[in-house]
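Asks: Chains as they are written, first to last, in the working numbering: chain S, 152 to 337; chain R, 75 to 574. Virtual Cβ for every residue (Gly too), placed ideally from N, Cα, C.
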Amino acid sequence: MRRPANTLISRLWVGSGRALPAFFIASNGRGEHMRNLSFSSRDLICGALFIFIGLFFAIQAYGLELGTALRMGPGYFPFVLAGILILLGIIVIVQGTQLQHEPMGPIAWRGMLFILPAPILFGLTVRGLGFVPSLFLTGLVAAFASTKMRPGTALLLVGGLTLFSVIVFSYALGLPFRRFGPWLGQ
Amino acid sequence: MDLLNNLVLGFATAASPYNLLFCFIGVILGTLIGVLPGIGATATIAMLLPITFQLEPVSSLIMLAGIYYGAQYGGSTTAILINMPGESSSAVTAIDGYQMARKGRAGAALSIAAIGSFFAGTVSTILVAVFAPPLTAVALRFGSPEYFSLMIVGLVSSVALAHGSVVKALGMVVLGLLLGLVGTDIYTGTPRFNLGILELSDGLNFVALAVGVFGIAEILRNLENEHDRDVMIKKVTNLWPTRQDWKEMTAPILRGTVIGSALGILPGGGAILASFASYTVEKRISSTPDEFGKGAVAGVAGPESANNAGAQTSFIPMLTLGIPANPVMALMIGAMIIQGIVPGPNVATEQPALFWGIIASMWIGNLMLILLNLPLIGLWVKLLTIPYYMLFPAIIAFCSIGVYSVNSNVFDLYAVAFFGLIGYGLAKLRCEPAPLLLGFVLGPLLEEHLRRAMIMSRGDPMTFLNRPISLGLLLLAAAVLVVVLLPSIRKKRDEVFVED
Numbered sequence: 152m153r154r155p156a157n158t159l160i161s162r163l164w165v166g167s168g169r170a171l172p173a174f175f176i177a178s179n180g181r182g183e184h185m186r187n188l189s190f191s192s193r194d195l196i197c198g199a200l201f202i203f204i205g206l207f208f209a210i211q212a213y214g215l216e217l218g219t220a221l222r223m224g225p226g227y228f229p230f231v232l233a234g235i236l237i238l239l240g241i242i243v244i245v246q247g248t249q250l251q252h253e254p255m256g257p258i259a260w261r262g263m264l265f266i267l268p269a270p271i272l273f274g275l276t277v278r279g280l281g282f283v284p285s286l287f288l289t290g291l292v293a294a295f296a297s298t299k300m301r302p303g304t305a306l307l308l309v310g311g312l313t314l315f316s317v318i319v320f321s322y323a324l325g326l327p328f329r330r331f332g333p334w335l336g337q
Numbered sequence: 075m076d077l078l079n080n081l082v083l084g085f086a087t088a089a090s091p092y093n094l095l096f097c098f099i100g101v102i103l104g105t106l107i108g109v110l111p112g113i114g115a116t117a118t119i120a121m122l123l124p125i126t127f128q129l130e131p132v133s134s135l136i137m138l139a140g141i142y143y144g145a146q147y148g149g150s151t152t153a154i155l156i157n158m159p160g161e162s163s164s165a166v167t168a169i170d171g172y173q174m175a176r177k178g179r180a181g182a183a184l185s186i187a188a189i190g191s192f193f194a195g196t197v198s199t200i201l202v203a204v205f206a207p208p209l210t211a212v213a214l215r216f217g218s219p220e221y222f223s224l225m226i227v228g229l230v231s232s233v234a235l236a237h238g239s240v241v242k243a244l245g246m247v248v249l250g251l252l253l254g255l256v257g258t259d260i261y262t263g264t265p266r267f268n269l270g271i272l273e274l275s276d277g278l279n280f281v282a283l284a285v286g287v288f289g290i291a292e293i294l295r296n297l298e299n300e301h302d303r304d305v306m307i308k309k310v311t312n313l314w315p316t317r318q319d320w321k322e323m324t325a326p327i328l329r330g331t332v333i334g335s336a337l338g339i340l341p342g343g344g345a346i347l348a349s350f351a352s353y354t355v356e357k358r359i360s361s362t363p364d365e366f367g368k369g370a371v372a373g374v375a376g377p378e379s380a381n382n383a384g385a386q387t388s389f390i391p392m393l394t395l396g397i398p399a400n401p402v403m404a405l406m407i408g409a410m411i412i413q414g415i416v417p418g419p420n421v422a423t424e425q426p427a428l429f430w431g432i433i434a435s436m437w438i439g440n441l442m443l444i445l446l447n448l449p450l451i452g453l454w455v456k457l458l459t460i461p462y463y464m465l466f467p468a469i470i471a472f473c474s475i476g477v478y479s480v481n482s483n484v485f486d487l488y489a490v491a492f493f494g495l496i497g498y499g500l501a502k503l504r505c506e507p508a509p510l511l512l513g514f515v516l517g518p519l520l521e522e523h524l525r526r527a528m529i530m531s532r533g534d535p536m537t538f539l540n541r542p543i544s545l546g547l548l549l550l551a552a553a554v555l556v557v558v559l560l561p562s563i564r565k566k567r568d569e570v571f572v573e574d
């Protein structure tokens, strides 16, 4: 799949799905330089992420005692690993300039908006409200991550789900959860 | 005979009514999630892991094992009926299985898959029983250098088996190792990388990480574009294969079993690679290669036998060395640790009932699967018609309950959301989560053995090369790495891992 980068430019821009942030392009200077330096936004983000995480761990590890190869301190092994991660990040970015890319595809914004807060909501309310109402709320929030879910269906579905969970987890498996919590005056 | 005594002990353990019940629950649950696309064995096991804390160690491991190989059976049903792999290991089955179904031979295809799986399951159970004890004996003589090198082999293999870029997979391993080191340094007690968060001083929660990266991220990926599943085959008839089918499937089943068993034992191996390898072999040696892709019996029989054999034999490194071959085995090790069992070669000698009970339960579980699945096929077909949006709220709820029940710590739930986001982001960047999870599990162990080996050798790194077993393992790791980086192999590998 390796082809000279400049023949691919037009396809790359379309193919990579999203336009690059402006500063990456601007930093390339004049237009003709830009044609030779094209990055896959996917690989660029991935490589940058590796480098960023690597730097974070490297700086943290450097603050710890590194020790010697004979007696490694708590920072030695992580410092080496962080270095490798940074190196890999650079390779990912460099490789990203040459390969053909597939589009990023759609991003589940709605999914993230409803799915990710669900476990957090459960964490915030399970002690206060208790297992039953907390689980019901969690399920309800999660249910609306799908565009196909209708309110009536959601209530029925999550109601059944809560009943099932209480029977299985609370009664049958005997997990030590308070079914109704102090916020409800119990 | 030792083997016989051990097997008797194993079957006595596995056949107790209590354990039979959990084996049954495991295989049913496994089939269920195998049939349903969009939820995999890894996510399910991660979700149920904390709940198994309430059970006996043997029962919980028997159940978790049942979920894994049950999912291999269930996955093939979906592959054959709706041309969509229920499990990634049944992706190749979809090619010819679905074509058979379109020709009205769904019943035969399902039976061939089930018979192949059962045969392979039986053979590989015997293999596990035969090979586990001698490997355990070898493993007991392992020192820190050997363990270090062995883990390197496992990590490198997981890179080789990941989809897409080798460099990204390597990055995932390293990231996993680093995340595994968060917490407190075991030698000096120095806190590290905990960002001043008290809850992190014991390290990141393994279950929260696995549930987030596999469970939550998987749901988000499925929500990207929702489409209805089209179940073409409403009724499955003619389950029994014809005489011609029997003739065509015997050799592929035998070959698939051998290929699957061999690849399953390798660290990093398992069901997915086994099924791909078997399909490639069958197509290459077939006298009618044109038939492949149009409903070849061998294209169903071979890979289905191979993935089941691989799933079973991947227990060998987990049971004998305490080294996970794939993410599911990493979770099994997590389950052992939750139960207070130290994974490794000592399990066989200190907990013979557990060790042999798991092995025996695999055969019992396979028997249950073949007896249950074919008669119940109508039920599984109905399940396929449940739309996805009815399922995922339940998955989220069970994930939350499961993670919270590990140590009743709400911080773990926030970690789930965080790792769900990370997992989804990594998936969008085409980074595979499997090497990350393996790295996470092995991180602390790898560091411990590295440091111990260096202290024992007085700081001489040649200790890894001077010891023959360690040297052999490192050479193996280097060979694997070189092979996946070779351009010609890389191209082949890209073809094999092409996703639909």
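1. Please compile the residues from chain S whose C-beta is within a distance smaller than 7 Å of the C-beta of R/Ala-468.
2. Using C-beta distances below 6 Å, list every residue in its chain close to R/Leu-560, excluding the 5 sequence neighbours before and after it, in chain order.
3. Which whole-angstrom value is the C-beta distance of R/Ile-136 and R/Gly-100, which I expect to be below 8 Å?
4. R/Ala-284 and R/Leu-405 look like a contact to me (Cβ under 8 Å); what is the Cβ gap, rounded to whole Å?
5. If you measure between the beta carbons of R/Thr-387 and R/Leu-201, is that distance less than 8 Å?
6. State yes or no: is the beta carbon of S/Leu-345 nearer than 8 Å to at least one beta carbon in chain R?
7. Pull up the distance between the alpha-carbon of R/Cys-473 and that of R/Leu-272, whole angstroms please.
8. Considering just the uninterrupted stretch of the alpha helix (DSSP H) at S/Leu-264, what are its terminal residues?
9. Give a yes or no on whether the minimum CB-CB distance between R/Arg-179 and chain A is below 8 Å.
10. Alpha carbon to alpha carbon, how far is S/Ile-258 from R/Leu-550? Give it in angstroms, no decimals.
11. Just to make sure I have the definition right: I need the residues of chain S whose C-beta is within less than 9 Å of the C-beta of R/Thr-264. Which are they?
12. Taking the C-alpha atoms as reference points, what is the distance between S/Val-165 and R/Val-554?
13. I need the boundaries of the alpha helix (DSSP H) containing R/Tyr-353, first residue and last residue.
14. Taking Cβ positions, are R/Trp-314 and R/Ser-150 nearer each other than 8 Å?
15. If I follow the unbroken alpha helix (DSSP H) through R/Gly-40, where does it start and stop?
16. Check the Cβ of R/Asn-299 against every Cβ in chain S and list those closer than 8 Å, keeping chain order.
17. My understanding is that R/Ala-348 touches R/Gly-334, with C-beta atoms under 8 Å, so please give their C-beta distance in whole angstroms.
18. Which word fits R/Ser-482, buried or exposed, when buried means at least 16 other C-beta atoms lie within 10 angstroms of its C-beta?
19. According to DSSP, what are the bridge partners of R/Arg-266?
20. Is it right to say R/Ala-409 is buried, meaning 16 or more other beta carbons lie within 10 angstroms of its own, or is it exposed?
21. Based on Cα-Cα distance, which residue from S/Ile-242, S/Gly-310, S/Trp-334, S/Ile-210 lies nearest to S/Val-231?
22. Strictly under 8 Å for the Cβ-Cβ distance: is R/Asp-276 near chain S by that measure?
23. In angstroms, rounded to a whole number, what distance separates the CA positions of R/Tyr-172 and R/Ala-182?
24. Just the Cα atoms here: how many angstroms apart are R/Leu-453 and R/Leu-106?
25. Quick one: what does DSSP say S/Gly-218 is sitting in, helix, strand or coil?
26. In chain R, which residues lie with their C-beta within 8 Å of the C-beta of S/Gly-240?
27. Check whether the Cβ atoms of R/Leu-524 and S/Phe-228 sit closer than 8 Å, and answer yes or no.
28. Mapping DSSP to helix, strand and coil, what is S/Met-223?
29. For a contact meaning CB atoms closer than 9 Å, what does R/Met-536 contact in chain S?
30. Kindly list the residues whose CB is nearer than 6 Å to the CB of S/Glu-183, restricted to its own chain and excluding five residues on each side of it in sequence; keep chain order.
31. Of all Cβ atoms in chain S, is any one closer than 8 Å to the Cβ of R/Tyr-463?
32. Can you give the Cα-Cα distance for R/Gln-413 and S/Thr-298, rounded to whole angstroms?
33. If you compare alpha carbons, which of R/Leu-122, R/Gly-373, R/Glu-322 is closest to R/Ala-168?
34. Quick check: the Cα distance between R/Ile-390 and R/Val-490, rounded to an integer number of angstroms?
35. Just checking: is the beta-carbon of R/Cys-97 within a distance shorter than 8 Å of some beta-carbon in chain S?
36. Contact criterion: CB-CB distance below 8 Å. Does S/Arg-330 meet it with respect to chain R?
Replies: Taking the coordinates as given:
1. Within the second sequence, numbered from 1, the residue matching residue 468 of chain R stands at position 394. Per Cβ cutoff of 7 Å: Leu-312.
2. Along the second sequence, read from residue 1 onward, the residue named residue 560 of chain R stands at position 486. Hits under 6 Å: none found.
3. Locating residue 136 of chain R in the second sequence gives position 62, counting from the first residue. Locating residue 100 of chain R in the second sequence gives position 26, counting from the first residue. Correct: roughly 6 Å between the Cβ atoms.
4. Counted from its first residue, the second sequence places residue 284 of chain R at position 210. Counted from its first residue, the second sequence places residue 405 of chain R at position 331. With 8 Å as the limit, R/Ala-284 and R/Leu-405 qualify as a contact, their Cβ atoms being about 6 Å apart.
5. Residue 387 of chain R sits at position 313 when you count from the first residue of the second sequence. Residue 201 of chain R sits at position 127 when you count from the first residue of the second sequence. The answer is yes: Cβ separation under 8 Å.
6. Here chain S covers residues 152 to 337 and nothing more, so residue 345 of chain S does not appear.
7. Residue numbering aside, residue 473 of chain R sits at position 399 when the second sequence is read from its first letter. Residue numbering aside, residue 272 of chain R sits at position 198 when the second sequence is read from its first letter. Rounded to the nearest whole angstrom, the C-alpha separation of R/Cys-473 and R/Leu-272 is 23 Å.
8. For this step, residue 264 of chain S is matched to residue 113 along the first sequence. Segment 260-266, the alpha helix (DSSP H) holding S/Leu-264.
9. In the displayed structure, chain A is absent; the protein chains listed are S and R.
10. Numbered from 1 along the second sequence, position 476 holds the residue referred to as residue 550 of chain R. Numbered from 1 along the first sequence, position 107 holds the residue referred to as residue 258 of chain S. If you take the alpha carbons of R/Leu-550 and S/Ile-258, they lie about 40 Å apart.
11. The sequence position of residue 264 of chain R within the second sequence is 190, counting from 1. Here the neighbours are Leu-215, Glu-216, Gly-224, Pro-225, Gly-226.
12. Along the first sequence, one-based indexing puts residue 165 of chain S at 14. Along the second sequence, one-based indexing puts residue 554 of chain R at 480. Only weak support exists for where S/Val-165 lies, its pLDDT of 38 falling under 50; the coordinates are left without a value.
13. For the purposes of this step, residue 353 of chain R is taken as the residue at position 279 of the second sequence. Unbroken alpha helix (DSSP H) run through R/Tyr-353: 345-359.
14. In the second sequence, the residue the question calls residue 314 of chain R occupies position 240. In the second sequence, the residue the question calls residue 150 of chain R occupies position 76. The beta carbons of R/Trp-314 and R/Ser-150 sit no closer together than 8 Å.
15. Outside the modelled stretch of chain R, which goes from 75 to 574, sits residue 40 of chain R, for which no answer is possible.
16. Within the second sequence, numbered from 1, the residue matching residue 299 of chain R stands at position 225. Result: Pro-257.
17. Looking up residue 348 of chain R in the second sequence gives position 274. Looking up residue 334 of chain R in the second sequence gives position 260. At roughly 4 Å, the Cβ-Cβ gap stays under 8 Å, so R/Ala-348 and R/Gly-334 are in contact.
18. Taking the second sequence and counting its residues from 1, one reaches residue 482 of chain R at position 408. Classification of R/Ser-482: exposed, given that the 10 Å Cβ count is below 16.
19. Counting from 1 along the second sequence, the entry for residue 266 of chain R is found at position 192. The partner list for R/Arg-266 (beta bridge, DSSP) reads R/Gly-257.
20. Here residue 409 of chain R corresponds to residue number 335 of the second sequence, with the count starting at 1. Result: buried.
21. Taking the first sequence and counting its residues from 1, one reaches residue 231 of chain S at position 80. That would be S/Ile-210, whose Cα lies nearest to the Cα of S/Val-231.
22. For this step, residue 276 of chain R is matched to residue 202 along the second sequence. By this cut-off, R/Asp-276 is not an interface position.
23. For this step, residue 172 of chain R is matched to residue 98 along the second sequence. For this step, residue 182 of chain R is matched to residue 108 along the second sequence. Here the alpha carbons of R/Ala-182 and R/Tyr-172 stand approximately 11 Å from one another.
24. Translated into positions along the second sequence, residue 453 of chain R becomes position 379. Translated into positions along the second sequence, residue 106 of chain R becomes position 32. Between R/Leu-453 and R/Leu-106, the C-alpha separation is close to 10 Å.
25. Stepping through the first sequence from its first residue, residue 218 of chain S is reached at position 67. Three-state DSSP puts S/Gly-218 in a strand.
26. On the first sequence, residue 240 of chain S is found 89 positions in, with the first residue counted as 1. Under the 8 Å cutoff, chain R gives Gly-245.
27. Position 450 of the second sequence, counted from the start, is the residue given in the question as residue 524 of chain R. Position 77 of the first sequence, counted from the start, is the residue given in the question as residue 228 of chain S. Yes, the pair counts as a contact, with Cβ atoms nearer than the cut-off.
28. Numbered from 1 along the first sequence, position 72 holds the residue referred to as residue 223 of chain S. In the structure shown, S/Met-223 sits in a strand (DSSP, three-state: E or B).
29. Sequence index remark: in the second sequence, residue 536 of chain R carries index 462 (1-based). The contacting residues do not exist; R/Met-536 stays about 12 Å from chain S at best.
30. On the first sequence, residue 183 of chain S is found 32 positions in, with the first residue counted as 1. Note that S/Glu-183 scores 39 on pLDDT, short of 50, meaning its location in the model is unreliable; the coordinates nonetheless yield the value given after this. The answer is none, since no qualifying residue turns up.
31. Within the second sequence, numbered from 1, the residue matching residue 463 of chain R stands at position 389. Interface residue, yes.
32. Position 339 of the second sequence, counted from the first residue, corresponds to residue 413 of chain R. Position 147 of the first sequence, counted from the first residue, corresponds to residue 298 of chain S. In a straight line, the C-alpha of R/Gln-413 is about 41 Å away from that of S/Thr-298.
33. What you label residue 168 of chain R is simply residue 94 of the second sequence in a count that begins at 1. Taking only the C-alpha atoms, the option nearest R/Ala-168 is R/Gly-373.
34. Looking up residue 390 of chain R in the second sequence gives position 316. Looking up residue 490 of chain R in the second sequence gives position 416. Cα to Cα, R/Ile-390 sits roughly 30 Å from R/Val-490.
35. For the purposes of this step, residue 97 of chain R is identified with residue 23 of the second sequence, where counting begins at 1. Closer than 8 Å: no.
36. Within the first sequence, residue 330 of chain S is the residue found at index 179, counting from 1. Closer than 8 Å: no.
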